[in-house]
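**Student:** Numbering (this note's numbering), first residue to last: 1 to 279.
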Amino acid sequence: MNAKNRLLMQNLVSTAFVPFVRARNLFSGEAGCKVLAYHRIARVSEGDDRNCIAVSPEAFHMQMQYLHERGYRTISLSRLMESVIGGPEAPILPPLAVLITFDDGFADLLSTALPILQEFRFTASVFVIADRMGTDPTRFLDLSGMESLRQAGWEFGSHSLSHADLTLLDPMGAAREICQSKIELENRLGTDIEAFAYPFGRSTPALEQAVSEAGYRVAFGTNPGVVHSADNPYRIRRIEINAADTPITFARKWTGCYNWTVPYRRAKRTARRLLGAAP
Ligand SMILES: [Zn+2]
């Protein structure tokens, strides 16, 4: 199934979930924090292969307005970490809390995302690809851009060294991406890097273990859902938003109508493994 058909199928199935999710949210509420995952906020031409990860400034503004009007307020990465890893003594996350994250460290976060977020008094966090930081200032954030974001209250995490799919690397290669990116970012930014985002959102229990051993306190994937303080800190859920999202699909993703994709993906992986193991 190609990407367009997959998206169409996901949207159709999610429509069927709308009444159930509405009923559930009505009775049990939506306790817990949600984390949004973005990449670029930019206007890119049709056909650009980076198109799907670039949300237009207009759409992003509308999405932030949606959250703001419903009373949501952003929390910092540190605040979320404190709650997820702090055990029973940890401070409870405030109601209507959202953490906004951006993967890859694109330069348009400073020029485009920051002013929109500031309009709503929101902050965010960036997961940086260590080897790309500052390489091409027209595409990726450099040190001075990161400093400006930090002064605006943003925080940083690692998104590996080279953005390789860690699930395809041998354990040594994966450990290098995980450890070396932490060391390089800490040296360049002069701050502790305690959060990791898996490239392509792909992780395995072995990678989660490697991330923990490298000294990170939390790690994020792209399985949608709500974050609770008892969750596995090395598999924190995020709701991924991309260029194809309309106001309707954004609202459905936000309210949980796409959460079925998590057991679906898991079942697909298991089926593939079983079929692959069959003679
Ligand atoms: Zn990425």
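Built from N, CA and C at the ideal position, the CB exists for glycine as well.
All figures in this text were calculated on a predicted structure; none of them were measured in a lab.
Bridge partners of phenylalanine 156, per DSSP?
**Tutor:** For phenylalanine 156, which the question treats as bridged, DSSP gives the partners Val126.
**Student:** What does the Cβ neighbour count give for arginine 238, buried or exposed, with the cut at 16 atoms within 10 Å?
**Tutor:** Label assigned to arginine 238: buried.
**Student:** Quick check on the DSSP output: what are the complete beta strand (DSSP E) runs of length 3 or more inside the stretch 188–248, in order along the chain?
**Tutor:** Taking only runs of at least 3 residues, the beta strand (DSSP E) segments lying wholly in the stretch 188–248 are 195–197, 218–220.
**Student:** For isoleucine 183, which of helix, strand or coil comes out of DSSP?
**Tutor:** Helix at isoleucine 183.
**Student:** Determine the DSSP secondary structure at tyrosine 66, reduced to helix, strand or coil.
**Tutor:** Three-state result, tyrosine 66: helix.
**Student:** Mapping DSSP to helix, strand and coil, what is alanine 42?
**Tutor:** DSSP places alanine 42 in coil when its eight states are reduced to three.
**Student:** Take glycine 221 and list the residues in its own chain whose beta-carbon comes closer than 6 Å to its own, dropping the five residues that flank it on each side.
**Tutor:** Hits under 6 Å: Tyr198, Gly201, Ser203, Arg235.
**Student:** Tell me whether alanine 97 sits in a helix, a strand or coil according to DSSP, three-state version.
**Tutor:** Looking at alanine 97 - three-state DSSP - the assignment turns out to be strand.
**Student:** Note down the Cα distance separating proline 279 from asparagine 232, rounded to an integer number of angstroms.
**Tutor:** Unreliable placement is indicated for proline 279, whose pLDDT of 41 sits below 50; the coordinate value is still reported in the next sentence. Proline 279 and asparagine 232: Cα-Cα distance of roughly 35 Å.
**Student:** Evaluate the contact criterion for the stretch 36–46 versus the stretch 107–117: three or more CB pairs, one atom per stretch, below 8 Å.
**Tutor:** These segments touch.
**Student:** What three-state label does DSSP hand arginine 121 in the structure shown?
**Tutor:** Arginine 121: coil per DSSP, three-state reduction.
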